[in-house]
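Trainee:
Numbering (the UniProt record's numbering), first residue to last: 1 to 255.
1. Are the Cβ atoms of residue 85 and residue 135 separated by less than 9 Å?
2. Which residues in the same chain as residue 110 place their Cβ atom closer than 6 Å to its Cβ, once the five residues preceding and following it in sequence are excluded?
3. According to DSSP, simplified to helix, strand and coil, what is residue 86?
4. For residue 99 and residue 142, what's the separation of their Cα atoms in angstroms?
5. Under the assumption that residue 200 contacts residue 42 (Cβ atoms under 8 Å), give the Cβ distance between them as a whole number of angstroms.
6. In whole angstroms, give me the CA-to-CA distance for residue 190 and residue 139.
7. Between residue 88 and residue 125, what straight-line distance do the alpha-carbon atoms span, to the nearest angstrom?
8. Pick out whichever of 187, 181, 50 has its Cα sitting closest to the Cα of residue 145.
9. Going along the chain, which residues of its own chain have a beta-carbon closer than 6 Å to the beta-carbon of residue 131, five neighbours each way excluded?
10. For residue 40, which residues in the same chain have their Cβ closer than 6 Å to its Cβ, ignoring the five residues on either side in sequence?
11. Taking only beta-carbon positions, decide if residue 61 is within less than 9 Å of chain B.
12. Suppose contacts are defined by Cβ-Cβ distances below 9 Å. Is residue 176 in contact with residue 61 by that definition?
13. Give me, in chain order, the residues of the same chain whose beta-carbon lies closer than 6 Å to that of residue 53; leave out the 5 immediate sequence neighbours on both sides.
14. Taking 6 Å as the limit between beta carbons, can you name the residues of its chain near residue 173, skipping five residues before and five after?
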């Protein structure tokens, strides 16, 4: 007869994030996790996703010609009509490269924070402050590039005259990639601010029991009951030496 299974002691819980200096007992994000297991907060998730999206969207057209007639002329001449944030021909680079690089570094620092490998400082700044600084730099550069007047002509923005005498403008405007990069930069900045301020909570899996009960509700409005797990041995456990049944009761019998 097999011995009854022994319950394993649960590892102690520890804080998800580092404490804020000067505030004893206060954490940079609410929640706890098992010791030794990497746990991410909502701010970490937004930081990593925002930084990666800035890099991914940089492959899309960042600026393009505003005037459709000028675009038609450029198409007939086999000239490009849109450019990404990596292109140096439209005076975006190298400033746009700095924005992309800062977003990627902020995302990498977010991953290091999840695995608790960011115990360092840069010029007296804590890692959380460095992430906020990098994300702010990304958003500031992209915003300035988006609202600035962009033209392929030097000096005054004079309209170009075609061979037929039609005046068209050569001004560039923000394209899909530029708008998406701005949105990703906002997500990145929001994530770093949440992590630095201690808001947002922890992203835990599996979810807490209260959340699981919500998704286990049946169409009738009740909750599904969990089936009892079958016991490994249907017979009662053997008596422990030195301990017997209470007085008036006989020894357990098998049926």
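Don't be surprised by glycine CBs; every beta carbon is placed ideally from N, CA and C.
Mentor: From the atom records:
1. no
2. Same-chain partners within the cutoff: 44, 47, 48.
3. coil
4. 7 Å
5. 4 Å
6. 11 Å
7. 33 Å
8. 181
9. 106, 109, 192
10. 114, 203
11. Considering every chain present, this structure includes no chain B. It has just one protein chain.
12. yes
13. Hits under 6 Å: 184.
14. 66
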